[in-house]
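There are 2 protein chains.
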Amino acid sequence: MSEPAIRLAILGLGTVASGVVRILNGPNSPVSCRAGRSFEIRHVAVRDTSRPREVEVPVNSLTTDWLAAVSDPEVDVVLELMGGTTIAREAVLAAIATGKHVITANKALLAEHGNEVFAAARKAEVCVAYEAAVAGGIPIIAAVGRSMTGNRIVSIEAILNGTSNFILSEMLGKHRQYEDVLAEAQALGYAEADPAMDVDGTDAAQKLILLTQLALGKKVELKDFPRQGIDTLELADMLYAEELGYRVKLLAVARVVGQQLEMHVEPTLLRRERAIAQTDGALNIVELEGDAVGHLVMAGAGAGQMPTASAVVSDLVDVAIGRAQQTFPQLNLWQDDSGLTVMSADQIQRRYFLRFNVEDRPRVIAEVADILGRNQISLASIIQHEAPEVDASENGGVPIVPLVIMTHRTTEGSIRAAEASLAQLSTVRAPHVRMAVAD
Amino acid sequence: MSEPAIRLAILGLGTVASGVVRILNGPNSPVSCRAGRSFEIRHVAVRDTSRPREVEVPVNSLTTDWLAAVSDPEVDVVLELMGGTTIAREAVLAAIATGKHVITANKALLAEHGNEVFAAARKAEVCVAYEAAVAGGIPIIAAVGRSMTGNRIVSIEAILNGTSNFILSEMLGKHRQYEDVLAEAQALGYAEADPAMDVDGTDAAQKLILLTQLALGKKVELKDFPRQGIDTLELADMLYAEELGYRVKLLAVARVVGQQLEMHVEPTLLRRERAIAQTDGALNIVELEGDAVGHLVMAGAGAGQMPTASAVVSDLVDVAIGRAQQTFPQLNLWQDDSGLTVMSADQIQRRYFLRFNVEDRPRVIAEVADILGRNQISLASIIQHEAPEVDASENGGVPIVPLVIMTHRTTEGSIRAAEASLAQLSTVRAPHVRMAVAD
């Protein structure tokens, strides 16, 4: 090992950064051997240097001065593991401007400011590596950016948010309601104190944006495609889906349809036999389709300290060997030459799961079916169970019952038009439920 | 694209090589763009230049003189896609000796002569890339060699032979016997005219040897670990396994147990819920366990023209960019510093599925259970169905019935000792069936 050590500045010393330090500090760590070089932690920038830490870092490396850390000419690589999109953006740009390679796990930063960051890195002839930003320990960035180079990728279907998937698995497995499971997930540390970005689909959508840019050469903004979280999902609908042979997952989809890019992140019904439907707990899964390789599935821990640290370290070894510097300029991150336009929500074609709360009166099903039919929506199946005994004091003694409908393939535009008409029916109570069904 | 073209010599123009040419020739192929260079096919060495071909290669590139093709100083990269271990070995060594990088899909060559080939390449400062040699289109060599560098890999469990898996899926799905499905698979082109290497486990074992060397730094020979194919498997035992909640797969396993390496390729019972148990048809799947990343699963087409060509082209782009040249010297291919010794078959610990054909007489089950017990084997479950009506002229009117036993965890040594004693019982008919059960 005659090569000089790689000198690191680490921004943040939270869960993932501590995991990285743990791997680098490990007894007989295989990492230096595989990199052909050793690693030296020069700076660790934190908010509070006096806080106790779960890992040991070199004496005097702790600092609150992130700018000095990233600007130090004796640093080779900056690991941005602080999160957020303000200081993280400034720090990454400062690191790039002073000639450092950057490794980041920050999907929000890259989804929002990726173009700026990537362009700056390209200009400065440094690289930005971000394996840890998507699907944690699953090496999906490597698979798409390096291993599928002989393919045109035509479809991505994925579970990219472990917190949401954990909550859905618990709801279904233990017949619990959303709020109940969320509270437990927070208590256990699976969900953030503010879980909004996880459960409203933003986190999964940011990861999908990164995958789509890399796989399809198309940069899409959050506002350009439909996104819905699991935070309004009811257990009842998950159970109706099961009754129909489907499982509900927060599915992220990007698919080439002619010259259009169909893209969405939503609770989606998947046939129970599919691997993606059987991915439970905090796991992530990505199913890719390439024109040469066909379907490729990768599954593993989508978050957590050591899996995410594993991804960061793989990037670090790539930089140490010099591979990342060769890979980065060849990635599809520079221009939109895909020729693709993002499909408008109304044009998206698929099957739908609908649940209306209707009065249990004669002709209600006929009225609903008629409105759907007039919007060219044909029905694949209907579930309406017998009404429970009703308290005559409520709703004038008329029971309200759920009417669950599975449609054949139609457009989201037709569904929306039908929904507008259905809202006019006095026998249908708002709100109703609509979920996409995957092919 | 100012860089000069990469000049290729392709050895063989069979299924995979034609797929590679198809990708390189494709209209608006993304490959050159991703490589930053174009590719030029200089030579295609074949046995018969007059045979009609399914793809177009440059005029005058076809030759029978493989030695001249690989030795041409104007060639940069040799693609060894001819198969076999005699001429392929000579050609690869000649290519390396004259300074060419080599890309190969030949698992037999590398499993048998890998040390010689890798050492020659290291000495000549060229690289040998072999993504296509293991699990077809699944980028498992990249995942192990590049993406898991922050991990100690502790376990590999995989389905690595698509032909065997196709046959098993057909047997179970359609209740057909082995010979019957094999004949169909050959007619359909899924199985070779001589399918011996596929169905006797050799092909899967060769791939496991390559994965183990890369992942664990340990070179193992075929003769060093137990290997059994699917060619003696009976449908009846697959159905008994189903009755017990298990599915039979040809499973390749390499697992670190203390300082020992447990390694085997055998028909194995897996709990039906596991992803690996649900991998059907010609698909391959690899489950890795790393100390940081935890479990990682990759599944996809393990063979076939375009998936395998996709893997070859990913290596070709790696060479064009210069990545493969950096990766190769860092791989765990040089010395055995793993400290691991291969566990002897007798020491392997696990549960077993046993099926004996016994006389349907009083005390037979007690005798069998007694012998197992005396060998410290305890029983987890037993299936013995009611005997069918029997033809009194056979076997003196005593029905022969299958006795299926699932043991608790024990050693293979204990099982073998018990088998020797059981063979002495007049009420137990040879042969019996023994299959491993995965945890």
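Chain order of the listed sequences is L and A. Residues 34 to 472 in my numbering are what the first sequence spells out, letter by letter. Residues 34 to 472 in my numbering are what the second sequence spells out, letter by letter. Glycine included, every Cβ here is placed at the ideal spot set by N, Cα and C.
Pair within 8 Å by beta-carbon distance, residue i and residue j
| i | j | result |
| --- | --- | --- |
| Ser51 of chain A | Val88 of chain A | yes |
| Asp236 of chain L | Lys140 of chain L | yes |
| Arg75 of chain A | Asp98 of chain A | no |
| Tyr163 of chain A | Thr137 of chain A | yes |
| Thr301 of chain A | Leu284 of chain A | yes |
| Val434 of chain L | Ala420 of chain L | yes |
| Val161 of chain L | Val135 of chain L | yes |
| Ile200 of chain A | Ile263 of chain A | yes |
| Leu243 of chain L | Ala336 of chain L | no |
| Met115 of chain A | Leu277 of chain A | no |
| Leu436 of chain A | Glu400 of chain A | no |
| Leu95 of chain A | Val110 of chain A | no |
| Ala38 of chain A | Arg70 of chain A | yes |
| Lys256 of chain A | Leu193 of chain A | no |
| Val466 of chain L | Arg384 of chain L | no |
| Glu113 of chain A | Ala102 of chain A | no |
| Leu449 of chain A | Asn390 of chain A | Note that residue 449 of chain A is Arg in the sequence shown, not Leu. In this structure, Asn390 of chain A does not lie closer than 8 Å to Arg449 of chain A by Cβ. |
| Ile381 of chain L | Thr444 of chain L | yes |
| Tyr273 of chain A | Ile416 of chain A | yes |
Integer Cβ distance of residue i from residue j, believed to fall under 8 Å
| i | j | result |
| --- | --- | --- |
| Arg67 of chain A | Ala175 of chain L | About 14 Å separates the two Cβ atoms, so there is no contact after all. |
| Gln246 of chain L | Gly147 of chain L | 7 Å |
| Leu100 of chain L | Thr118 of chain L | Rounded, the Cβ-Cβ distance is 17 Å, inconsistent with contact. |
| Leu329 of chain A | Gly333 of chain L | 4 Å |
| Phe72 of chain A | Ser65 of chain A | 7 Å |
For residue i, three-class secondary structure by DSSP
| i | result |
| --- | --- |
| Pro63 of chain L | helix |
| Gly333 of chain A | strand |
| Glu164 of chain L | helix |
| Leu277 of chain L | coil |
| Gly178 of chain A | helix |
| Thr96 of chain A | strand |
| Met339 of chain A | helix |
| Phe389 of chain L | strand |
| Met376 of chain L | coil |
| Met34 of chain A | Because Met34 of chain A sits at a pLDDT of 48, beneath the cut-off of 50, its placement in the model cannot be relied upon, and the point is left open. |
| Lys282 of chain L | strand |
| Ile381 of chain L | coil |
| Val437 of chain A | strand |
| Ala310 of chain L | coil |
| Pro464 of chain A | strand |
| Val150 of chain A | helix |
| Met115 of chain L | coil |
| Thr131 of chain L | coil |
Classification of residue i by the beta-carbon crowding that lies within 10 angstroms, buried from 16 upward
| i | result |
| --- | --- |
| Met34 of chain A | Caution is warranted here: a pLDDT of 48 is assigned to Met34 of chain A, below 50, making its placement in the model unreliable, and the coordinate value is therefore given only provisionally. With fewer than 16 Cβ atoms within 10 Å of its Cβ, Met34 of chain A is classed as exposed. |
| Leu455 of chain L | buried |
| Ser414 of chain A | exposed |
| Glu403 of chain L | One detail in the question is off: residue 403 of chain L reads as Asp in this sequence, not Glu. So Asp403 of chain L counts as exposed. |
| Pro85 of chain A | exposed |
| Ser377 of chain A | exposed |
| Asn408 of chain L | buried |
| Gln363 of chain L | buried |
| Leu221 of chain A | exposed |
| Pro340 of chain A | buried |
| Pro395 of chain A | exposed |
| Gln210 of chain A | exposed |
| His297 of chain A | buried |
| Pro228 of chain L | buried |
| Gly234 of chain L | buried |
| Arg356 of chain L | buried |
| Asp81 of chain A | exposed |
| Lys156 of chain A | exposed |
>> Does the structure place the region 179-188 of chain L close enough to the region 280-296 of chain L that three or more beta carbon pairs sit under 8 Å?
In response: The answer is yes - the region 179-188 of chain L touches the region 280-296 of chain L, with three or more Cβ pairs under 8 Å.
>> Whether or not the region 248-265 of chain L and the region 364-384 of chain L are in contact is what I'm after, with contact meaning three or more pairs of Cβ atoms, one per stretch, closer than 8 Å; do they touch?
In response: Yes, the region 364-384 of chain L is in contact with the region 248-265 of chain L.
>> With a threshold of 8 Å, are at least 3 pairs of Cβ atoms found where one atom belongs to the region 153-171 of chain A and the other to the region 43-60 of chain L?
In response: No, because fewer than three Cβ pairs between the region 153-171 of chain A and the region 43-60 of chain L fall closer than 8 Å, the two stretches do not touch.
> Quick one: any contact between the region 205-225 of chain L and the region 86-106 of chain A, if contact means 3 or more CB pairs under 8 Å?
Replying inline: Two segments are said to touch when three or more pairs of C-beta atoms, one from each, lie closer than 8 Å; by this definition the region 205-225 of chain L does not touch the region 86-106 of chain A.
> Is it a yes or a no for the region 340-360 of chain A touching the region 297-316 of chain A, going by three-plus beta-carbon pairs under 8 Å?
Replying inline: Contact between the region 340-360 of chain A and the region 297-316 of chain A is not established, with fewer than three Cβ pairs separated by less than 8 Å.
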